[in-house]
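Following: one structure in structure tokens, then a few remarks.
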Amino acid sequence: MVLLLLAMLLAKLPAAMADTVHKRPNIIVIMADDFGYETVAANGGQSYQTPHLDALAASGIRFTQAYAQPLCTPTRLQLMTGAYNVRNYVAFGEMNPNLRTFAHLFREAGYATGMVGKWQLGRDLELPRRFGFDEYTLWQHLRRPPRYANPGLEINGIERDYSQGEYGPDLVNQAALDFIAKHRDAPFMLYYSMLLTHTPYQPTPDSPDWDPKAIGEEVNKAPRHFGEMVTYTDKLVGRVVDQLERLKLRDNTMIVFLGDNGTGRGTVSMLADRKIIGGKGTTTDAGMHVPMIVSWPNQLRSGQVTDDLVDTTDVLPTICAAAQLELPANMIVDGRNQLPRLLGQADAATRQWVYCWYSPRGEPLIECAFDRAWKLYRDGRCFRRSDDLEQTPLTTDQVPAAEQET
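Just so we're aligned: the sequence shown equals residues 134 to 539 in my numbering.
Structural data, given as structure tokens:
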């Protein structure tokens, strides 16, 4: 009898172990392109309607002090490696193929790994796989096909060009939904690097002047289309959440949403009663301040808002901690694990400063660091953070004595 019970117990072990593994959370990192803090209504944005992002924020934690690098390649490199650009930046549109990314870590832990959207880190069609992604549907900035109407994509290493009125953001969004459905029975990690809202500002399929016959033409660049693109971005995020709910995966999926840098240069939006002029490519607040939302219904209390300082290096250690993955001892990670703070541990250490090392195309290097109150550049310029446009440099003599050491 004892032997029979033991045999029955052993027979159930694989299923029990599989169930334990599956309880590890799914991870989805969504990064919108040229999407500054002011674009999200929940942040106080007055210019655009973002109901799905607002709902996502209400279901988890909204960050009011999240920062990226001023441009796409620097931020993407920082996000995927958890390290500051001073350690590993090569050149615009490239990434050292020997670097380890968050996709490597999740794949090695038994996760299915996928990426959809914008790829800007090398021309080799196999590079995404080398960087840890098992499956990918990507638009390649360096190949330069259209990204919107009638796009050119790279699907698992094979180039495919569309010409029947397809919309690039819809295609990569559907690839995201298909990836989620395919891997519903095992933990997955999906990096959704959105095509929107980068220029050219063009109509979306929901725009009255949408023209699917525009093949590869950067037409209709009117700034008014930016608002339509923001709304469509929001809609696509909503589709991802709906898919998770449909498949009963929502509660056990951590979603991290953020922007890759500030809004496109010169794009005017309202944040509460302030006019914000897009500062992409600059180290001002308008170039680096981005929305960030984290939602994980199984673990995180809803309706939270925090002014903790965070930056894109923090994503890798945080999602790894959520999945109970240990960081390799030989992997340099500058980011801070924000999970204890997300879980409500008030005494957990917080980030005290954000650092920027910026020379995307070989320009003279710009370095700065800032905390909540002050921003200091390597050349000695110092600004109060409240002086958003950084028009009035302060000398150290002007900084109050009590604040100088800080």
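Note that the Cβ used here is the ideal one computed from N, Cα and C, for glycine as well.
Here the structure is a predicted model, which is why all the values come from computation and not from measurement.
Three or more Cβ pairs closer than 8 Å define a contact, and the stretch 309-316 falls short of that threshold against the stretch 218-237. DSSP, read as helix, strand or coil, puts Leu271 in strand. Within the DSSP secondary-structure output, Cys501 pairs in a beta bridge with Cys489 and Tyr510. Listed as beta-bridge partners of Gly285 by DSSP are Asp294.
For the set Leu377, Ile410, Asp393 and Thr197, the Cα lying nearest the Cα of Gln253 is the one of Asp393.
With three or more CB-CB distances shorter than 8 Å, the stretch 445-457 counts as touching the stretch 160-167. Straight-line measurement puts the Cα of Ala462 at about 21 Å from the Cα of Arg484.
Here the C-alpha atom of Arg434 lies approximately 8 Å from the C-alpha atom of Ile194.
In terms of Cα proximity to Val249, the closest of Thr439, Leu238 and Glu268 is Glu268. Look at Thr172 here: in three-state DSSP terms it is helix.
Straight-line spacing of the CA atoms in Leu460 and Pro424 works out to 26 Å. A direct Cα-to-Cα measurement between Val173 and Leu189 gives close to 11 Å. Residue state for Thr197 is assigned as strand, using DSSP reduced to three classes. Cβ atoms of Met327 and Met213 stay farther apart than 8 Å, at about 15 Å. In terms of Cβ geometry, Asp167 and His422 do not form a close pair [threshold 7 Å]. The beta carbon of Ala481 sits closer than 8 Å to the beta carbons of Pro473 and Arg474 from its chain, once the five residues preceding and following it are set aside; these are given in chain order.
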